[in-house]
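Below is one structure, written out as structure tokens; the observations come after it.
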Amino acid sequence: MNNRLAKWLISGPPLLYLLLFFAIPSAIMAFAAFRFPGDYGGLLPLVEVNPETGAREVLINFGNYADFLTWENFQRFFEEPIYIELFLKSFWYAGITTGVCIVLAYPLAWLIARSSKKTRDLLVLMVILPFWSNFLIRVYAWMIILGPQSYFSQVLNRVLAVFGIEPVSLLFSQFAVIIGLVYVHLPFMVLPLYANLEKHDMALLDAAQDLGANAWQRFWKVTWPLSLPGVWAGTALVFIPALGMFAIPDLLGGTNSMMIGNLIKQQFLDSRDWPFGSVLSIMLTLSVLLMAAIAAWAGSRGKAKK
Amino acid sequence: MALLEIRDVVKTFGDFTAVNHVSLSVEAGEFFTLLGPSGCGKTTLLRMLAGFEQPDSGEILLDGKNMAGVPPEKRPVHTVFQSYALFPHMTVAQNIAFPLKMAGVAAAEIPKRVNKVLEDVRLQQFARRYPHELSGGQRQRVAIARALVNRPRLLLLDEPLSALDAKLREQMQIELINLQKEVGITFVYVTHDQGEALALSHRIAVMNSGQVEQLDAPETIYSYPKSRFVADFIGQCNLLDATIVEIGSERMKVEIAGVGVAEALPVAGAQIGGKGTLTLRPEKIKLGAALPADDANEVHFKGKVHDCLYLGDVTIYMVELDNGMLVETMLPNSASGKAKFFDDDDLVELAWRYDAGHFVLA
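Keeping their order, the protein sequence lines are chains V and S.
Using this note's numbering, read the first sequence as starting at 1 and increasing by one per residue.
Using this note's numbering, read the second sequence as starting at 1 and increasing by one per residue.
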């Protein structure tokens, strides 16, 4: 069989899928960012159906394109500080979430990687287990756990009362959002870290110890640098989805815990301002790409320095 | 006082006794080898010297100091691991600098020390390479350089050459001997390869089932094995079951069942009727179509060639004696233009001197 034909047959369907459901929608969205909102939401139409003839008429042409295309949506994003602030806050949330996930996932992944084969499989299964129930149900469970009526809140507030501290409300706060984000994303940090740590050659730690390294030095000079690919993979899997998350701030957050995801959802669904929603989506994508580029650049620089 | 003293050390894992009452001492500057088959306890003993395992009983003294409870990172002992265990994220120079940094050597001093040891192992031009960019032999040398750089009192080598091919291994053996002479550090070398042990060591401890069977210089171990195990494990050896029939001051007579009477050097504890094994190296047996019977120090037996193994420089002949017993002998293929001296089924004569073999009491 023809080799090139085989290549196209194999890679064709996924390419087509990506074209149809990723490339073309992205292009539509990028275009929408430059359009005006319609009178009743959505987009100002570029094509109209003539009520008399029933024929489609293209309204936009070289003479009047300024009535249909604009920079205003982007101007609005950069001129009103609230949007940039919201971006920064979302980055902050996603960053905190990633950091907490690394700190929590590292020892867990290490423990799994060092267990016997049988325990290891069981532990990995337990990490994946939450995926078997619906994401929203798990977030609702957190609403109950953090709610004022829960044992958790009551016990916590009684302990605080002993120290003379006012009762706190856990739900509908930034704290609750971070808890939710960490909870949902933790497995995405554990799994790549585990996959990385599991491959480590234990003889390297013996060698480091033999050559005079104490436990901390063995971790910091050997295990940590060798686990960085796992840390980066986990960071990408946690940071990017956390950045665009809207359900968790909606359900667990208070009025001040909005993230970009919520704003984008609001623009498309509530305000029905599709052009501005598109601008926000594009800015989100661009900022993630920019961060990835900076990370790649820093990584290659670090390597060259060695 | 010896640099290293191991006193009555025992180590068990569950029901398995890995090291069983081992005592030995190693002098400063010595190339000392622990030799034995896998599972004989040599690696466990090495790991106890490095500090990765603690003895159940007995003690290990280094420079007269008891090492009990001293963790590996606090011992002036470094190991060359079987897998080399080079840090893959560090260059050769960084790998070698690692123990210096851990020891808190001044930063300005480190490059000098690293360069010096790179010179010792002839790897100067590879300082900036990563381990995966090196050949097996080069990695081996980096591992040795890294373990030597801050001059440990004791260098432990755990089967360091086993991953190399035969030719490179021989070359590395010579390098190891020279390096050890040059740096003057005491080497404790673990191997299951008897050839390597004989070639490298000042002294060898042959281990079996957690115990030291014999501790001697290589030539003594080879020529005068103390037990049937040692004779069998080191080199090729004919093991002939025999009974002592006569004991003199210079020599004794032993009867090889079904073959005849041979002579051997007397051994301590020999008694008439005592059973044992006459150990006889193939190269110490004379072989010929007909051998002159004029030397009273020799015994002669007749047989026929059963198999020959042509090895190029020598040929190994398995000679079948009259009672069916096979004796391994060898001849160098020294005659010019001739492949070998005998063929299968040729009638031959064997002879050996009374002091060629060594009798081991059962």
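For every residue, glycine included, the Cβ atom is placed at its ideal position computed from N, Cα and C.
If you're wondering where the values come from, they're calculated on a predicted model, not measured in any experiment.
Per DSSP, residue i forms a beta bridge with which residues?
i, result
"Y310 of chain S", "S:T315"
"L62 of chain S", "S:L4 and S:K65"
"T235 of chain V", "Partner(s): none; T235 of chain V has no beta bridge."
"A127 of chain S", "According to DSSP, A127 of chain S bridges with nothing at all."
"A192 of chain V", "Before going on, a small fix: residue 192 of chain V reads as Pro here, not Ala. Partner(s): none; P192 of chain V has no beta bridge."
"I247 of chain S", "S:M252"
"W352 of chain S", "S:V299"
"D39 of chain V", "V:G41"
"R56 of chain V", "V:V49"
"Q211 of chain S", "S:N208"
"K275 of chain S", "S:T243"
"S25 of chain S", "S:E5"
"F62 of chain V", "Partner(s): none; F62 of chain V has no beta bridge."
"D158 of chain S", "S:V190"
"L361 of chain S", "S:G276"
Could you confirm whether any beta carbon from chain V is found closer than 8 Å to the beta carbon of residue i?
i, result
"M67 of chain S", "no"
"A99 of chain S", "Inspection of the sequence shows that residue 99 of chain S is occupied by Pro rather than by Ala. It does; some Cβ of chain V falls within 8 Å."
"A50 of chain S", "yes"
"H78 of chain S", "yes"
"H89 of chain S", "yes"
"R146 of chain S", "yes"
List the endpoints of the continuous beta strand (DSSP E) containing residue i.
i, result
"M366 of chain S", "Residue 366 of chain S lies beyond the range of chain S shown here (1 to 362); nothing can be said about it."
"N208 of chain S", "R203 to N208"
"M330 of chain S", "L326 to P332"
"T191 of chain S", "T186 to T191"
"F268 of chain V", "First-last for F268 of chain V: undefined, no H or E at that position."
"V80 of chain S", "V77 to V80"
"K42 of chain S", "From DSSP, K42 of chain S is part of no beta strand (DSSP E) but of the alpha helix (DSSP H) over K42 to A50."
"F21 of chain V", "Per DSSP, F21 of chain V belongs to no beta strand (DSSP E) and is neither H nor E."
Against chain S, does residue i count as a neighbour if the rule is that its beta carbon must be under 8 Å from one of theirs?
i, result
"V222 of chain V", "yes"
"A203 of chain V", "yes"
"P14 of chain V", "no"
"P275 of chain V", "no"
"L226 of chain V", "yes"
"K306 of chain V", "Note on K306 of chain V: pLDDT 44, under 50, position unreliable in the model; the coordinate value appears next. Yes, contact with chain S."
Span of the alpha helix (DSSP H) holding residue i?
i, result
"Y140 of chain V", "F135 to L146"
"L98 of chain V", "According to the sequence displayed, residue 98 of chain V carries Thr and not Leu. Looking at the DSSP string, the run of the alpha helix (DSSP H) that includes T98 of chain V is P81 to R114."
"K7 of chain V", "N3 to L18"
"N95 of chain S", "V92 to M102"
"W216 of chain V", "A215 to R218"
"S26 of chain V", "I24 to A32"
"T119 of chain V", "K117 to I128"
"N115 of chain S", "E109 to D120"
"L148 of chain S", "G136 to L148"
"F229 of chain S", "R228 to F233"
"L205 of chain V", "M202 to D210"
Starting from the beta carbon of residue i, find every residue of chain S whose beta carbon is closer than 7 Å, and list them in chain order.
i, result
"A207 of chain V", "F81 and A85"
At 8 Å on the CB atoms, spell out the chain S contacts of residue i, in chain order.
i, result
"Q217 of chain V", "M102"
Going along chain V, which residues have a C-beta under 7 Å from residue i?
i, result
"E73 of chain S", "Q209, G212, A213 and N214"
Should residue i be listed as close to the ligand FMN, given that the test is whether its C-beta is under 7 Å from any heavy atom?
i, result
"S223 of chain S", "Summarising the ligand content, the structure contains no ligands, and the ligand FMN is consequently not present."
Touching or not, the stretch 221-233 of chain S and the stretch 50-57 of chain S, by the rule of three or more beta carbon pairs under 8 Å? Judged by pairs of C-beta atoms under 8 Å, the stretch 221-233 of chain S does not touch the stretch 50-57 of chain S, as fewer than three such pairs exist.
Using 8 Å as the Cβ pair cut-off and three pairs as the minimum, do the stretch 60-79 of chain V and the stretch 210-217 of chain V touch? The count of Cβ pairs closer than 8 Å, one atom from the stretch 60-79 of chain V and one from the stretch 210-217 of chain V, stays below three, leaving the stretches out of contact.
Quick check: the stretch 273-284 of chain V against the stretch 154-170 of chain V, are there 3 or more CB pairs under 8 Å? The count of Cβ pairs closer than 8 Å, one atom from the stretch 273-284 of chain V and one from the stretch 154-170 of chain V, stays below three, leaving the stretches out of contact.
Using 8 Å as the cut-off, can you tell me whether the stretch 35-42 of chain S makes contact with the stretch 191-210 of chain S, which would need three or more C-beta pairs spanning the two stretches below that distance? When Cβ pairs closer than 8 Å are counted between the two stretches, the stretch 35-42 of chain S is seen to touch the stretch 191-210 of chain S, the count reaching three or more.
Are the stretch 225-243 of chain V and the stretch 280-300 of chain V touching, with three or more C-beta to C-beta distances below 8 Å? Judged by Cβ distances under 8 Å, the stretch 225-243 of chain V makes contact with the stretch 280-300 of chain V, as three or more pairs qualify.
Are three or more beta carbon pairs between the stretch 218-236 of chain V and the stretch 178-194 of chain V nearer than 8 Å? The stretch 218-236 of chain V vs the stretch 178-194 of chain V: in contact.
Is the stretch 321-339 of chain S close to the stretch 289-296 of chain S, with three or more CB pairs under 8 Å? Here the stretch 321-339 of chain S makes no contact with the stretch 289-296 of chain S; the two share fewer than three CB pairs at distances below 8 Å.
With three or more C-beta pairs closer than 8 Å as the rule, is the stretch 29-36 of chain V touching the stretch 69-81 of chain V? Taking 8 Å as the limit for Cβ pairs, the verdict is that the stretch 29-36 of chain V does touch the stretch 69-81 of chain V.
With three or more C-beta pairs closer than 8 Å as the rule, is the stretch 316-323 of chain S touching the stretch 258-267 of chain S? Between the stretch 258-267 of chain S and the stretch 316-323 of chain S there are three or more inter-stretch CB-CB distances shorter than 8 Å, so the stretches are counted as touching.
Using a Cβ distance threshold of 8 Å, determine whether the stretch 77-94 of chain V contacts the stretch 259-275 of chain V, with at least three qualifying pairs required. Touching, yes, given that three or more Cβ pairs across the two stretches are closer than 8 Å.
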